[in-house]
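**Q**
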Amino acid sequence: DGRREIQALRAVPLPFKLVLELSDGEKGGYEEQLARFARRYIYAREAGVEQSYVANFQDREESKNGLVDRSYCAQPAFFCARTLNHLLAGARFVKTMKMKGNITNYLFRRGNELFLAFWSDGGSVEEEFHLGSRLMKIDLMGNIAPVPSRLGKSLLTATPLPVFLTQIDSQFLDTQLSLDFSSDHLFSLQRPQEVVLTLRNLFATEITGTISLSFPEGWKISQREYQVNLRTGDTQRMSVSVQLPRSVILG
Numbered sequence: 314d315g316r317r318e319i320q321a322l323r324a325v326p327l328p329f330k331l332v333l334e335l336s337d338g339e340k341g342g343y344e345e346q347l348a349r350f351a352r353r354y355i356y357a358r359e360a361g362v363e364q365s366y367v368a369n370f371q372d373r374e375e376s377k378n379g380l381v382d383r384s385y386c387a388q389p390a391f392f393c394a395r396t397l398n399h400l401l402a403g404a405r406f407v408k409t410m411k412m413k414g415n416i417t418n419y420l421f422r423r424g425n426e427l428f429l430a431f432w433s434d435g436g437s438v439e440e441e442f443h444l445g446s447r448l449m450k451i452d453l454m455g456n457i458a459p460v461p462s463r464l465g466k467s468l469l470t471a472t473p474l475p476v477f478l479t480q481i482d483s484q485f486l487d488t489q490l491s492l493d494f495s496s497d498h499l500f501s502l503q504r505p506q507e508v509v510l511t512l513r514n515l516f517a518t519e520i521t522g523t524i525s526l527s528f529p530e531g532w533k534i535s536q537r538e539y540q541v542n543l544r545t546g547d548t549q550r551m552s553v554s555v556q557l558p559r560s561v562i563l564g
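Per the numbering used here, residue 314 is the first one in the sequence shown, and the count goes up by one each step.
1. For my contact list, R352 and P475 are in at a C-beta cut-off of 8 Å; report their separation, rounded to the angstrom.
2. In the region 448 to 503, which residue ranges form an unbroken alpha helix (DSSP H) of at least 4 residues, counting only runs that do not cross its ends?
3. Once you ignore the five residues that flank M454 on each side, which residues in its own chain have a CB closer than 8 Å to its CB?
4. In whole angstroms, what separates the C-alpha of G436 from that of G342?
5. Might you give, ordered along the chain, the residues of its own chain that have their beta carbon closer than 6 Å to the beta carbon of K408, omitting 5 neighbours on each side?
6. Taking Cβ positions, are L448 and V438 nearer each other than 8 Å?
7. Starting from L420, trace the beta strand (DSSP E) in both directions and tell me its first and last residue.
8. So F428 and A471 are in contact, right, with Cβ under 8 Å, and what is the actual spacing, rounded?
9. Give the secondary structure of Q388 by DSSP, where H, G and I count as helix, E and B as strand, and everything else as coil.
10. Count the other CB atoms, across all protein chains shown, that sit within 10 Å of the CB of Y354; report buried if there are 16 or more and exposed otherwise.
11. From the DSSP output, read off the bridge partner residues of K408.
12. Suppose you measure from the CA of Q540 to the CA of S525; what does that come to, to the nearest Å?
13. Excluding the 5 residues preceding and the 5 following L469 in the sequence, name in chain order all residues of the same chain whose CB lies nearer than 6 Å to its CB.
14. Going by C-alpha to C-alpha distance, which of V508, S384, R504 sits closest to H498?
15. Assuming contact is defined by CB atoms lying nearer than 8 Å, are L515 and T488 in contact in what I supplied?
16. May I ask you to report which of helix, strand or coil DSSP gives L350?
17. Under 8 Å between the Cβ atoms of I416 and S433?
18. What are the partner residues of G445, as DSSP defines its beta bridges?
19. Under the three-state reduction of DSSP, which class applies to R550: helix, strand or coil?
20. Can you give the Cα-Cα distance for S527 and A387, rounded to whole angstroms?
21. At which residue ranges does the region 508 to 536 contain complete alpha helix (DSSP H) runs of 4 or more residues, listed in the order of the chain?
22. Comparing C-alpha positions only, which one of G379, E426, K533 sits nearest to I481?
23. Less than 8 Å separating the beta-carbons of L400 and F477?
24. Quick check on the burial criterion: 16 or more other C-beta atoms within 10 angstroms. Buried or exposed for D337?
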């Protein structure tokens, strides 16, 4: 869907523009074309493209590839482009969140606002996590709805069509994103290896709680739970000893 080609633009030293096209010559129906169109726009924003344009403003002959039809009535692509520009114009890419394997997501920030774009790479996938109590979702047509929750966690349903989350609690998310290991890989050694887990409190108040670690079956972990008690701005570092099983494949 053009991701690799667009991300390769990172190597271009000068500002550049990207022209997007909704082509009825692509595989799949119109909804699949819209999904690819939206993904390419999101990839472009992630790659640092400042300006994106749509090749065809109006449908050509019988082709449904413009923002408006032959009578100048708005097509779904028009609302899709309007939503993408409204949410991501002037936004910068932050990072991707850890979600289920076949959910692709990109987190963007514009000022104090956070926007999370996500979709599944096949079928419908459910995911639950906490990003605040007032989460709203916006589909490509610009429809806005509250995100349902269960037991304090938000319930998300990802489909191949990208959806955006807004009203994200920035203090919660920034604190969550600060949680990180000192290394993103382990050596295939049959002895304990030390890594450091770091958490910084970016809330305006003190936080207390428990961090629970989950590792693959067979891994030996020195400690699976850590108590947290942090004042605003403080950082806690936790040492974790990990020993891999003999069955771990090198690489």
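For each residue, glycine too, the CB sits at the ideal point set by N, CA and C.
All values derive from a computational prediction rather than experimental measurement.
**A** Quick look at the numbers:
1. 6 Å
2. Listed in chain order, they are 483 to 491.
3. P389, F392, C393, T396
4. 15 Å
5. L420
6. no
7. 416 to 423
8. Between A471 and F428 the Cβ distance is about 15 Å, and since that is not below 8 Å, they are no contact.
9. Note: Q388 maps to coil in three-state DSSP.
10. buried
11. L420
12. 9 Å
13. E440
14. V508
15. yes
16. Sequence check: residue 350 is Phe here, not Leu. In this structure, F350 counts as helix in the three-state DSSP scheme.
17. yes
18. Answer is none; G445 lacks a bridge partner.
19. strand
20. 49 Å
21. none
22. E426
23. yes
24. Residue placement at D337 is poorly supported in this model, since its pLDDT is 49, which falls under 50; the coordinates still yield a value, given next. Exposed, because fewer than 16 other Cβ atoms sit within 10 Å of the Cβ of D337.
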